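Student: Going by the UniProt record's numbering, 43 is the number at position 43 of the sequence shown; the sequence numbering is gapless.
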Amino acid sequence: NTEDIEIEEMQKKYRSIIDNITAENIVPMAKKMISLPIKTDGCLKNVVELLFQKAMDKPELIPQYAHICSLMKDMVVHSKDRKFITSFRTQLITVCQNEFEAMFNRKQMITKDRIEIESCKNKKMRKILQSSYDQKELDHRSRAIANCRLICELLKVNVLVPPVLEMCVAKLAESSKETSIE
């Protein structure tokens, strides 16, 4: 499929740029990114996902990724049949929102893991399960905090609007967990 090949080629180019972003070279890298054409909705979604994942993996560069998002926020792509329009901003908001909501939808997994740990009779295995659980929790918290930071940075550069942040704060405030407000 030619669209898949095109998406893959663009993904390589974008990944190469995104992987080399630093606080010092953000301006030339941002120029490179916005100069690349995005012709399909699949490609646009892929670029949004790449930027988002990199922001989660390298939270120290979130302001730089938010800057790039601010330059790309008005980008739109038509679907093949021209019936739909995919917007960079809408796609980014969807990805951030899905990640944010995932923070609160972990109860079942946590309960299952806790039951497995508590019901384990073998001390060595219990220790391994506990260690795995602790690492998952640490990773989850790091991602949740990075996502909240990204949302705030996107608000600062006018990619998001205040009601989005207000919804996030309300959701955090209603959560009974102290760590959710972290």
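Heads up, the beta-carbon is just placed ideally off N, CA and C, and yes, glycines get one too.
Nothing here was measured: the structure is a model prediction, and the numbers come from that model.
Which residues in the same chain as GLU99 place their Cβ atom closer than 6 Å to its Cβ, once the five residues preceding and following it in sequence are excluded?
Tutor: ASN147, listed in sequence order.
Student: Where does the unbroken alpha helix (DSSP H) through ILE68 begin, and where does it stop?
Tutor: From DSSP, the alpha helix (DSSP H) with ILE68 extends over 62-72.
Student: Going by DSSP, which residues form a beta bridge with residue 188?
Tutor: Residue 188 falls outside the range modelled here, since the chain spans only 1 to 182, and no answer is possible.
Student: Using a threshold of 8 Å, state whether the C-beta atoms of LEU44 and THR111 are closer than that.
Tutor: For LEU44 and THR111, no; Cβs fall outside 8 Å.
Student: Report the residue from LYS13, THR22, LYS39 whose alpha carbon sits nearest the alpha carbon of GLU3.
Tutor: Nearest C-alpha to GLU3: LYS39.
Student: Using the three-state DSSP reduction, which class does ALA170 fall into: helix, strand or coil?
Tutor: In this structure, ALA170 counts as helix in the three-state DSSP scheme.
Student: Quick check: what's the CA-CA separation for GLU60 versus THR22?
Tutor: Distance between the alpha carbons of GLU60 and THR22: 10 Å.
Student: Considering only residues of the same chain and omitting the five flanking positions on each side of PHE84, which have a CB-CB separation below 8 Å?
Tutor: Only ASP41, HIS78 meet the Cβ criterion.
Student: DSSP on PRO59, reduced to helix/strand/coil?
Tutor: Residue state, collapsed to three classes: helix.
Student: Alpha carbon to alpha carbon, how far is GLU49 from LEU92? Give it in angstroms, no decimals.
Tutor: Roughly 8 Å between the two C-alpha positions.
Student: Taking just the CA atoms, how far does ALA170 sit from MET29?
Tutor: Answer to the nearest angstrom: the Cα atoms are 36 Å apart.
Student: Could you check the C-alpha separation between MET109 and LYS136 for me, to the nearest Å?
Tutor: So the two alpha carbons sit approximately 11 Å from each other.
Student: Report the rounded CA-to-CA distance for ILE5 versus VAL95, giving the unit in angstroms.
Tutor: Computed Cα separation, rounded: 23 Å.
Student: Measure the C-alpha to C-alpha separation of ALA144 and VAL164 and round it to an integer number of angstroms.
Tutor: Going from the Cα of ALA144 to the Cα of VAL164 covers about 16 Å.
Student: Kindly confirm or deny that the segment 149-168 and the segment 126-136 touch, where touching means at least three C-beta pairs closer than 8 Å.
Tutor: No: the two stretches stay apart, fewer than three of their Cβ pairs being nearer than 8 Å.
Student: Measuring alpha carbon to alpha carbon, tell me which residue in GLU166, LEU172, VAL157 is nearest ILE62.
Tutor: It is VAL157.
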